[in-house]
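1 is the number of the first residue of the sequence shown in my numbering; add one for each residue after it. Backbone N, C-alpha and C fix where the C-beta goes; we use that ideal spot for every residue, glycine too. Quantities reported herein were computed from a predicted structural model and do not represent experimental measurements. Structure first, commentary second.
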Amino acid sequence: MPKVIEATIGKEHYTTIVSNGTLQLVADEPVAVGGTEEGFTPKELFYSALAACTCMTLRMYADRKQWPLDSVKVTLSMEKAAEETEGIILDQHIELSGLLTTEQRYSLLDISKRCPVHHLLSQPIQINNHLL
1 MPKVIEATIG KEHYTTIVSN GTLQLVADEP VAVGGTEEGF TPKELFYSAL AACTCMTLRM
61 YADRKQWPLD SVKVTLSMEK AAEETEGIIL DQHIELSGLL TTEQRYSLLD ISKRCPVHHL
121 LSQPIQINNH LL
C-alpha cells in the first residue's frame with residue numbers, strides 16, 4: 001500500500017495539520033495573507049523535501065564510502081523559467097564541509113542528483129483529484 005499523507009484544516013486561517021499516520025507537522029500561511037505563520041507554507045514544505053532528501057542522500061553515500069564529510073548545507077531557490085511551458089527552475093546550492101578531495105566533492109555533487117525526491121521531481125507528474 002502506498003504511503004498516505006493526510007492534511008486537515010478546520011476554520012482556522014490557514015493552519016493545517018499534516019500527518020503521515022505517525023508524525024504530525026503544521027503548515028500555514030504568512031500573516032500578510034491571513035495565516036498565523038505557525039508553520040511552513042506549502043511551497044516551503046515542497047522545497048524542504050528536496051533539500052532534506054539531498055542532505056540525507058549525501059550523508060548516506062559519504063558514510064558508506066567512509067569519506068570525511070562533516071556536514072552538508074543545501075540552500076534552495078526557485079524561479080519561473082523564461083518560457084511558461086518550461087515550468088520552474090530549482091537551484092540547489094550545496095555546501096560540503098570536511099576534508100574531502102576534489103574528486104569526492106564532485107562525486108557527491110553527482111550523487112545529489114540521485115536523491116529520491118530529485119528523481120521524483122524529474123519525472124512527469126500526473127495529479128488525479130477525486131471527491132469523496
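- Here the alpha carbon of Gly10 sits roughly 13 Å from the alpha carbon of Ala27.
- One thing to note: Thr15 has its Cβ no nearer than 8 Å to the Cβ of Thr41.
- Going by beta carbons, Leu50 and Leu69 fall outside the 8 Å limit.
- For His119, the enclosing alpha helix (DSSP H) begins and ends at Pro116 to Leu121.
- Taking C-beta atoms as the reference points, Ile89 and Val72 fail to come closer than 8 Å.
- A residue is called buried when at least 16 other Cβ atoms come within 10 angstroms of its Cβ; Tyr106 does not meet this threshold and is exposed.
- The secondary-structure analysis by DSSP pairs Ser48 with nothing; it has no beta-bridge partner.
- Contact between Gly39 and Leu25 holds: their C-beta atoms lie close to 6 Å from each other, under 8 Å.
- Excluding its 5 nearest sequence neighbours in each direction, Arg59 has C-beta neighbours in its own chain below 8 Å: Leu69 and Val72, listed in chain order.
- Annotation: the continuous beta strand (DSSP E) that includes Asp91 extends over Ile88 to Gly98.
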